[in-house]
Ligand SMILES: Cc1cc2nc3c(=O)[nH]c(=O)nc-3n(C[C@H](O)[C@H](O)[C@H](O)COP(=O)(O)O)c2cc1C
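This is the structure in C-alpha cells:
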C-alpha cells in the first residue's frame, strides 16, 4: 500500500482516534453539550412542549426490530442509492438547520465541504447564517435548498432565481411550520434574534472558549439570506427573527406556484400521513419527506417512524420517500428503509459532531453512520438497502 501523504495520514489517524474515544453519536452529543454555551445547546437540542414527541421518535425507532441472518456467507454491503435522478454513494444527507452558524462558527461552509467530499446532499436552510451564494463554491453538486415561503411573490421569484443560479438543484418546501412553535426550553435559554450578549449569555459564553474564539473570529451569526430582503419590512422585534416576518404559512395554491416556478426536483418536507402524501404527489411534488421536525413544532404528533409505513403504502412503491426525525445511527437508517424510506436525513447529529470536534466531528458522523450501516447489513446478511424491507420482525414470526 502507498504511504498516505502527511495531511491525509493526520486526518486518518484523527478519525481512528475518534472511533475509539467517541464511537457513537451519543458520545459526540455528550461532548457537544460541554462545548457550547447553554443558550446554544438549548436551541439545538430542544423540542417543543414537554418534548414528548422527541422522546417518542426515539422510543418508536427502538421498537422496530429486524431479523438477523444465519449462515448468509460473506456479504459486501452496497450503500449506494438512486434518488430524484441522481446517484448517491450513501443513503443519508444533512437536513436543513436554521442558524447552523450559531451552533458552531462556520458551520455552513464546513458542512458544505463535507457534503461535497462525501457525495451526500446538504439542505441549506432559508434561515441559515450563510447565503446560497456564500456556500455555493464549497457545496459542488450536492446542494439542496430548503424554502420557508416568503409572502411577497417578487421575493419568492428572486429567491428561487438566486438559489438556482448558485447551483442548488433540489428544492425542499417545508410544510410543517405554519406558525412558530413555543419551544419552551429554547426560550428559557435566552436566545434572541439576532443573539444579544446579555450578562447571562456572556457568562455562559466565557465557559466555552473554543466556541467564543471561533465566534469572535467569524462574527455573531445572522440570517444573511433573509436580511438581504430586510428593506421590505420595518424594524424587527427581538423575539421573532426576520424569517417569521417575511414568510407566510403556505397553502395548496402556494405549492402550485412554487411547482410552476421551480423546474428541478421539488420535495415537500414535514409529511406524516398517506392522504397528504398522495395529494402532494398529485400536486406535482417529486418526493415527500416524512418528518415531525424532530418534535420541534407539534408535541402531539405521532413518531415519524410510525407514520412511514402508511405514507409508503399510500404513494406506492415507486414514489420517493425521504425520512428524518431521531436517527442516531446506521441501524436507525436501516429501520427507516425497512419501513419504506428511500433516503434519510439527519439534522442534529451532524451539529452535535460539529460542536464536539469542529469539522472532523461532522466527518466522524459520516464515518459512524457508514460503518454502522455496513456492520448491521452484515448481521442481516443483505447487500442492498432495498433488501431490508423483507427483514422486518414481528412477534411470533
Ligand atoms: C436547531 C434546528 C434547526 C432546524 N431548522 C430547520 C429549518 O430551518 N428548516 C427546516 O425545514 N427544518 C429545520 N430543522 C429540522 C431538520 O431539518 C430535521 O427535520 C430534523 O432536525 C431531523 O431530526 P434529527 O435532528 O433528529 O435528525 C431544524 C432542526 C434543528 C434541530
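Residue numbers (the numbering used here): 1 to 397.
Ideal Cβ placement from N, Cα and C applies to all residues, glycine included.
- A Cβ-Cβ separation of about 5 Å places residue 211 in contact with residue 36 under the 8 Å criterion.
- Ranked by Cα distance from residue 38, the options 296, 324, 141, 205 are led by 205.
- For the alpha helix (DSSP H) assignment, the uninterrupted runs of no fewer than 4 residues enclosed by the segment 184 to 214 are, from N- to C-terminal side, 184 to 189, 199 to 206.
- Closest in C-alpha terms to residue 52, from the list 297, 253, 138, 336, comes 297.
- In the structure shown, residue 392 adopts extended strand secondary structure according to DSSP, grouped into three states.
- The residue among 344, 34, 152, 161 with its C-alpha nearest the C-alpha of residue 250 is 152.
- Look at residue 170: its beta carbon is at least 7 Å from all of the heavy atoms in ligand 1.
- Residue 161 and residue 292 have their alpha carbons spaced roughly 29 Å apart.
- Under the three-state reduction of DSSP, residue 64 is assigned to coil, being neither helix nor strand.
- Distance from the Cα of residue 272 is smallest, within the candidate group 253, 321, 348, 226, for 321.
- Judged by beta-carbon spacing, residue 175 lies within the 8 Å limit of residue 269, meaning their Cβ atoms are closer than that value.
- In the DSSP annotation of this structure, the continuous segment of the beta strand (DSSP E) that includes residue 87 starts and ends at 86 to 88.
- Inclusion of residue 125 in the 7 Å shell around ligand 1 follows from its C-beta lying nearer than that to a non-hydrogen atom of the ligand.
- Non-local beta-carbon contacts of residue 23 in its own chain, meaning distances under 8 Å to residues more than five positions away in sequence, involve 368 in chain order.
- Per DSSP, residue 344 lies in no alpha helix (DSSP H) segment; the continuous beta strand (DSSP E) that holds it begins and ends at 343 to 346.
- Looking at the backbone, the Cα of residue 220 and that of residue 112 are separated by about 19 Å.
- Residue 305 places its beta carbon less than 8 Å from that of residue 64.
- Taking C-beta atoms as the reference points, residue 129 and residue 223 count as a pair closer than 8 Å.
- Only buried fits residue 348, as 16 or more other CB atoms lie within 10 angstroms of its CB.
- Runs of the alpha helix (DSSP H) spanning 4 or more residues and lying entirely within the segment 229 to 317 occur at 242 to 246, 252 to 261, 274 to 282, 304 to 315, in chain order.
- In this structure, the C-beta of residue 291 approaches ligand 1 to less than 7 Å from one of its heavy atoms.
- With contacts defined by Cβ atoms closer than 8 Å, residue 226 and residue 149 do not form a contacting pair.
- In this structure, residue 89 has its beta carbon at no less than 7 Å from each heavy atom of ligand 1.
- Within the DSSP bridge table, the entry for residue 78 names 384 as partners.
- A Cβ-Cβ separation of about 6 Å places residue 338 in contact with residue 66 under the 8 Å criterion.
- Contact annotation: residue 274 and residue 314 have beta-carbon atoms nearer than 8 Å.
- Its chain contains 47, 48, 49, 50, 51, 52, 53 as the residues whose beta carbon lies nearer than 8 Å to that of residue 299, once the 5 sequence neighbours on both sides are disregarded; these appear in chain order.
- Secondary structure at residue 125: strand, using DSSP grouped into helix, strand and coil.
- Taking residue 68 as the centre and dropping the five residues before and after it, the same chain places the C-beta of 379, 380, 381 closer than 8 Å to its C-beta, in chain order.
- The alpha carbon of residue 307 has as its nearest neighbour, out of 122, 360, 276, 254, the alpha carbon of 276.
- Residue pairing by DSSP places residue 357 in no beta bridge whatsoever.
- Of 257, 345, 106, 259, the smallest CA-CA separation from residue 213 is found for 106.
- Secondary structure note for residue 143: it is in no alpha helix (DSSP H), and the uninterrupted beta strand (DSSP E) holding it is 143 to 147.
- Taken atom to atom, the span from the alpha-carbon of residue 282 to that of residue 84 is near 17 Å.
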